[in-house]
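Heads up: the structure comes next, in structure tokens.
Next comes the structure, spelled out in structure tokens:
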């Protein structure tokens with residue numbers, strides 16, 4: 018009796034669920050990074066960076082996956098949606114700051130207010146850095162992919178990040194902290210955040226991007242892949 022050959026496409030999906038998962042993770046990581054950014058970390062009074070620096074490169078990694086699998090135009094829609102989600106989060110958490118709390122929970126209320134009281138310049142800095150960084154990262158990923166005819170994924174992920182992290186970090190630090198810190202500290206913060214983000218993405222983000230892209234290309238129908 019002849020064995021019926023297995024259809025190699027039968028286990029592939031139409032890409033909708035993977036797209037939703039990657040998008041949800043991208044939005045979550047960005048919002049978490051913004052909350053973590055309230056905490057400024059210092060080592061030896063020389064190295065300064067906000068805690069969001071640790072998680073933000075992983076959002077870039079997911080942005081790389083979105084662009085590589087679904088293309089620049091779809092990734093751009095996700096970036097703008099994330100931008101809107103951040104504004105919504107800021108509005109509602111700020112409303113909660115303004116609402117009264119009972120006397121016996123004043124300690125909790127003060128702690129909450131310290132985290133979620135948004136200084137306008139920090140909001141502008143965060144949103145500006147995000148848009149410049151993520152849009153340039155996705156655009157460069159797409160351009161390099163076309164130039165290299167889909168080869169050298171590492172060149173796309175790292176090459177786009179070199180420019181994108183600069184376009185994200187410099188405007189954010191300048192808008193958020195100029196006039197509140199010395200020029201030396203601002204330069205140190207820019208340098209530390211930039212090289213930390215880039216280093217984390219090169220060491221951890223790029224291998225994860227390779228694994229994620231390889232997995233998704235095997236699971237998603239060919240016509241769904243950009």
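Residue numbers (the working numbering): 18 to 243. By construction, the Cβ of each residue, glycine as well, lies at the ideal position given by its N, Cα and C atoms. This one's a predicted model, so the numbers in the text were calculated from it and none came from an experiment.
Beta-carbon spacing of residue i, residue j below 7 Å
i           : j           : result
residue 212 : residue 142 : no
residue 133 : residue 110 : yes
residue 154 : residue 80  : yes
residue 67  : residue 54  : yes
residue 210 : residue 72  : no
residue 96  : residue 39  : no
residue 233 : residue 86  : yes
Where the alpha helix (DSSP H) through residue i begins and ends
i           : result
residue 207 : 200-217
residue 127 : 123-133
residue 44  : 33-53
residue 166 : First-last for residue 166: undefined, no H or E at that position.
residue 237 : Note, residue 237: premise wrong, no alpha helix (DSSP H); not H, not E.
residue 114 : 89-115
Whole-angstrom C-beta distance between residue j and residue i, which should lie under 8 Å
i           : j           : result
residue 89  : residue 159 : 4 Å
residue 194 : residue 206 : 7 Å
residue 181 : residue 157 : 7 Å
residue 184 : residue 149 : 4 Å
Span of the beta strand (DSSP E), counted from its first residue to its last, around residue i
i          : result
residue 60 : 57-60
Assigned exposure category for residue i - 16 Cβ within 10 Å defines buried
i           : result
residue 35  : buried
residue 173 : buried
residue 226 : buried
residue 22  : In this prediction, residue 22 has a pLDDT of 49, which is less than 50 and means its spatial position is unreliable; what the coordinates show is noted afterwards. Exposed, because fewer than 16 other Cβ atoms sit within 10 Å of the Cβ of residue 22.
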